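For reference, the structure discussed in these notes is given below.
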Amino acid sequence: MRPLHIIHQTAITRNHDVASALARLAINTHTRIDAANWKAQIDAAEADPALSRTRPLVFCSLQIATYVARCCPNLARGLILPRAFLDHHAYSSLLPRDIRLNPRGIYLPWGDIPDAEDLLRNLCPDGIFIRPNSPMKPFTGFSVAWPEIGREHAAMTRAAHISASELCWICAVKDVAKTEYRIWIVDGQVATSASYGWDEESEQVGTAPDDILAAAARVAQCLEMVEQIYTADFVQTPQGARLVELNAMSTSGWYRHMDPTALLQALDPMLF
2 MRPLHIIHQT
12 AITRNHDVAS
22 ALARLAINTH
32 TRIDAANWKA
42 QIDAAEADPA
52 LSRTRPLVFC
62 SLQIATYVAR
72 CCPNLARGLI
82 LPRAFLDHHA
92 YSSLLPRDIR
102 LNPRGIYLPW
112 GDIPDAEDLL
122 RNLCPDGIFI
132 RPNSPMKPFT
142 GFSVAWPEIG
152 REHAAMTRAA
162 HISASELCWI
172 CAVKDVAKTE
182 YRIWIVDGQV
192 ATSASYGWDE
202 ESEQVGTAPD
212 DILAAAARVA
222 QCLEMVEQIY
232 TADFVQTPQG
242 ARLVELNAMS
252 TSGWYRHMDP
262 TALLQALDPM
272 LF
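Anchor point for the sequence shown: position 168 equals 169 in my numbering, and the numbering is continuous, going up by one each time.
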């Protein structure tokens, strides 16, 4: 059996049969982590002497990944979470403007947004979309119309405890398709793909169509000398396929139509 141990949180890998995928690859060790008891399970895995003789590969939430990186040196070897690369300003600066969903915008600290209303109104007269620059997702990106910006900013500050120094990317609000596509990219190649969205219908659409795959290949080519393993989320627009964002392989959710065997098969040689 191959010396690879998969640690996966069920909230991330969801209903996929991880054990069967591993069996097809002659890998027989995996540990399931449940949301309700994750800390005890992570601590037990970290203390397992068998893990020191294998290569861990961790799929978990950002909350758990933060804990693993800070407190679990054995398991931290299995996190694929290149934070500096995944800062929005870092990867987006390496990509052509015509493939990015939001190529024009401005970076501002969270605390400066209310005082920059005149500037932002000139840049985005129909409203703004705000997302964190950090891949650690201190808050979920959201759209807001101008009459509500002050109220929304104050409410989000209280509810999400957002630091005034949190750097944000602010761009024009857009009406986009409800179905997006997640592409798992390993060694500059598409390993697998799946549709997703805010409703059940979007997840049932299937794997990515050819235009999305072509856009993913273009992104992979642009980034091949910088980073080899990540997920890329795309949406179809009237102007063509556009990149929404990149995310970490370890903390990206698995959707219905992705192929876990193909993903793990692609990752296996990259981890040794």
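Backbone N, C-alpha and C define an ideal beta-carbon position, used for all residues, glycine too. Predicted model, so just to flag it, every value in this text is computed and none were measured.
- Message: Can you find the residues in the same chain that come closer than 7 Å, C-beta to C-beta, to A117, ignoring five residues on each side of it along the sequence?
- Response: L109
- Item | DSSP-derived helix/strand/coil call for R78 | coil
- Item | Under 8 Å between C-beta atoms of L244 and I100 | yes
- Task: Report yes or no: do the stretch 244-261 and the stretch 11-21 share at least 3 C-beta pairs separated by less than 8 Å?
- Result: yes
- Message: Spatial neighbours of I107 within its chain, please: C-beta separation below 6 Å, excluding the five flanking residues on both sides.
- Response: I171
- Task: Check each candidate in P239, M271 and Q266 and name the one with the smallest Cα separation from A24.
- Result: Q266
- With 16 other CB atoms within 10 Å as the buried threshold, where does L120 fall? exposed
- Query: For S144, which beta-bridge partners are listed by DSSP?
  - Reply: F130
- Confirm, please, whether the CB-CB distance from V174 to G128 is below 8 Å. yes
- A146 versus K138, P133, E202 and P126, residue with shortest Cα-Cα distance: P126
- Message: Check this for me: beta carbons of Y92 and L247, under 8 Å apart or not?
- Response: yes
- What is the DSSP secondary structure of G106, reduced to helix, strand or coil? strand
- Query: Mapping DSSP to helix, strand and coil, what is M245?
  - Reply: For the sequence presented, residue 245 should be read as Val rather than Met. Of the three classes helix, strand and coil, the one that applies to V245 here is strand, per DSSP.
- Three-pair Cβ contact test at 8 Å for the stretch 179-197 versus the stretch 217-236: yes
- E47 to L124 span [Cα, whole Å]: 49 Å
- Spatially closest choice to Q10 from Q205, A37 and L214, by CA coordinates: A37
- Query: Considering W170, what are the terminal residues of the beta strand (DSSP E) in which it resides?
  - Reply: L168 to A173
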